[in-house]
Amino acid sequence: MVQNSLSTGNSHSAIVEHIVRTQNLTKIFNQQTIAVNNLTMDVPQGSIFGFLGPNGSGKTTTIKLMLGLIRPSAGSVDVFGEPMGMDSADLRHRIGYLPTNPQFPDKMTPITYLDFIGRTFGLSREERVPRITELIRAVDLLSLSSQEIRKFSTGEVTRVGIAACLINNPDLLILDEPTSGLDPIGRASTVKLITELGRQEDKTVFVSSHILADIDRVCTHIGIINDGKLVFTGKITDVKRLIRASQHLRAPPGGGGGTLRGEGEGAAHHHRRGAPGPHGAGDGGRPGGLPQGAGADIPHPP
């Protein structure tokens, strides 16, 4: 379990309403492939923000733009209230980033890898030793701390990556598909860990996924992307409310009455960003959450 002491240390977080704000963000590759299309989105401070979309929808490209790793073709990204660019090393220093399927040097153990990352952030030995011990306990890898990471399962590798994200006590965590390749038990364990991290004081977590159930369990806010376009953004509770309302209003075959397309779009208008709200959701929802099956439930523009 993540310990309370993880929230202590040198936090640089300013009092801003939104940790990340994108305005008309666009990325075009080779002057022909539109990976991100006019995306405007706010990530509230202290939220666990789920970025949901199918594979190839633009999630990773958006994250790279948020980190200043690639230049936008148009639009802007502000992080901590300041413009993010490729030269914004000071802003990136305040972000913990876990890419999809992280890779680690051969023969390194969790201890040696976290020590290496700590040194790259300029932490002294007196700072690194207790911090590494704290993090290894937090991600439940104490029994594996001296074993080579290359022998770990996918879930164990993910936990090492999450620990590395936290080594310098960042204000923002960005996790790109952290449950990718995990079995149901590993996914549940990772989602639980992310939830605990999100409860830490002054921590904002941005997590991308193509699995709707994972986003439902862990996130307070959500953005849904498809074909590079943001088709919905808002609180996760609003998504659930809209889906429940749309299912209630769905007319039986041959009958009249409201439909998800008509009523659902009107209800979602306040939250959407230039695109229709959720529609096309299946009727087999599970109690207290969103319907299962990510692919069928992700909104598609008409």
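Quick note: the sequence shown, position 46, residue 101 per the numbering used here, numbers continuous.
Yeah, the Cβ is synthetic: ideal placement off N, Cα and C, and Gly gets one too.
Here the structure is a predicted model, which is why all the values come from computation and not from measurement.
Residue nearest to I101 in terms of C-alpha spacing, selected from G173, K290, R299 and K295: Position check: residue 101 holds Gly in this sequence, whereas Ile was assumed. Selected option, being the one with the closest Cα: K290.
Practice problem: May I ask you to verify whether the region 164-184 touches the region 210-223, counting CB pairs closer than 8 Å and requiring at least 3? | Solution: yes
**Q.** Beta-carbon contacts of N93 that lie in its chain and below 6 Å, excluding the five residues immediately before and after
**A.** N79 and T81
Please specify which runs of the alpha helix (DSSP H), each continuous and at least 4 residues long, are wholly inside the region 76-163, giving them in chain order. 114-121 and 144-147
Identified DSSP bridge partners for G289
I277
Within 8 Å, strictly: CB atoms of E203 and M163: yes
**Request:** State the DSSP-derived secondary structure class of D271, mapped to helix, strand or coil.
**Result:** helix
Flag this pair as touching only if the region 265-281 and the region 237-248 have three or more C-beta atom pairs under 8 Å; answer yes or no.
-> yes
- Query: For F207, which of helix, strand or coil comes out of DSSP?
  - Reply: coil
- Item | Option in I187, Q86 and G123 with minimal Cα separation from I172 | I187
Q: Within its chain, find whatever has a CB closer than 6 Å to the CB of I74; leave out the 5 residues flanking it on each side and keep chain order.
A: V98, Q100, L227 and T259
Item checked: Element boundaries [beta strand (DSSP E), containing S264] -> T259 to S264
| said: Counting C-beta neighbours from all protein chains within 10 Å, is the total for H334 16 or more, i.e. buried, or is it exposed? | reply: Here H334 scores only 29 on pLDDT, less than 50, and its place in the model should not be relied on; the value that follows carries that caveat. Its Cβ being crowded by 16 or more others within 10 Å, H334 is buried.
Worksheet item: Candidates D271, T288 and R272: which alpha carbon is nearest I279's?
Response: T288
Name the two residues that bound the continuous alpha helix (DSSP H) containing D170.
-> P165 to T175
Pop quiz: G113 and V91 are said to be a contact at Cβ under 8 Å. What is the actual Cβ separation, rounded to whole angstroms?
5 Å
| If C274 sits next to I118, beta carbons under 8 Å apart, how far is it from one beta carbon to the other, in whole angstroms? | C274 to I118, Cβ: 16 Å. No contact.
Task: Selected residue, minimal CA-CA separation from L122, among I166, S143 and A129 - done: S143
Could you name the residues that DSSP lists as bridge partners for F226? The sequence as given places Asp at residue 226; Phe does not occur at that position. Paired residue(s): none; D226 is not in a bridge.
Problem set entry | Terminal residues of the alpha helix (DSSP H) in which T234 lies | First-last for T234: undefined, no H or E at that position.
*Reference E211; option with closest CA among R76, N156, R299 and Q87*: N156
* Local Cβ density within 10 Å of L248, reported as buried at 16 or more and exposed below that -> buried
Return the first residue and the last residue of the alpha helix (DSSP H) that V246 is part of.
P239 to G253
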